[in-house]
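Engineer: Take the sequence shown: its position 31, counting from 1, is numbered 345 in my numbering, and each next residue is one higher. Glycine residues also receive a C-beta, built at the ideal position from the N, C-alpha and C atoms. Please read these numbers as outputs of a predicted model, since none were measured by experiment. Sending over a structure as structure tokens; questions will come in a sec.
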Amino acid sequence: MRAVLIAIAALAACEDRSYRTIGADIGVLTERDDLLVPPATARLVARGRNALPQIETALHTAPVKGRLNLLLALERIADPDALAVLRHFAVYDPAPEVRAACEAILGRWPGGGTALARVRDKRSRGAAP
Numbered sequence: 315m316r317a318v319l320i321a322i323a324a325l326a327a328c329e330d331r332s333y334r335t336i337g338a339d340i341g342v343l344t345e346r347d348d349l350l351v352p353p354a355t356a357r358l359v360a361r362g363r364n365a366l367p368q369i370e371t372a373l374h375t376a377p378v379k380g381r382l383n384l385l386l387a388l389e390r391i392a393d394p395d396a397l398a399v400l401r402h403f404a405v406y407d408p409a410p411e412v413r414a415a416c417e418a419i420l421g422r423w424p425g426g427g428t429a430l431a432r433v434r435d436k437r438s439r440g441a442a443p
């Protein structure tokens, strides 16, 4: 019985706090424009694809400067799963500078040419804001 209690206590001590940590770093990128942004970006990059869902969510509500900071983090994470996110915001984001940033990133990524073609196709069909 004592071994079971020790195992349960050990599991509780290993609680994954990454969601909160990622959220805090995303908060820095969306709310600040100072010397705290580069280290927060580096921490998100270190988390890699684990940070993608929260970054994508934040892109929907962040101010323009925050979205640009988040896009830089996505570019540095360089996970192929982010192509769809970049493609979406390249078409639908209301800010022209965000759309342009997405296109620029897609232009530098492997497989980005195909994504850019899809962006242009959607725009030609009237999907842009």
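Please work out which residues of its chain come closer than 8 Å, Cβ to Cβ, to Leu397, disregarding the five sequence neighbours upstream and downstream, and give them in chain order.
Structural biologist: Leu420, Trp423, Gly425, Gly426, Ala429
Engineer: Rounding to the nearest angstrom, what Cα-Cα distance links Ala414 and Ser332 in this structure?
Structural biologist: Each residue's alpha carbon lies about 31 Å from the other.
Engineer: On a CA-only basis, which of Arg357, Gly380, Ala365, Arg434 is nearest Ala409? Give me that one, please.
Structural biologist: Gly380
Engineer: By DSSP, does His402 sit in helix, in strand, or in coil?
Structural biologist: Correct three-state label for His402: helix.
Engineer: In terms of residues, what are the limits of the alpha helix (DSSP H) holding Arg390?
Structural biologist: From DSSP, the alpha helix (DSSP H) with Arg390 extends over 378-391.
Engineer: Would DSSP call Glu370 helix, strand or coil?
Structural biologist: helix
Engineer: Is it right to say Arg401 is buried, meaning 16 or more other beta carbons lie within 10 angstroms of its own, or is it exposed?
Structural biologist: buried
Engineer: Using a 10 Å radius around the Cβ and a threshold of 16 neighbouring Cβ atoms, would you call Glu295 buried or exposed?
Structural biologist: What is shown of the chain runs 315 to 443, which leaves residue 295 out entirely.
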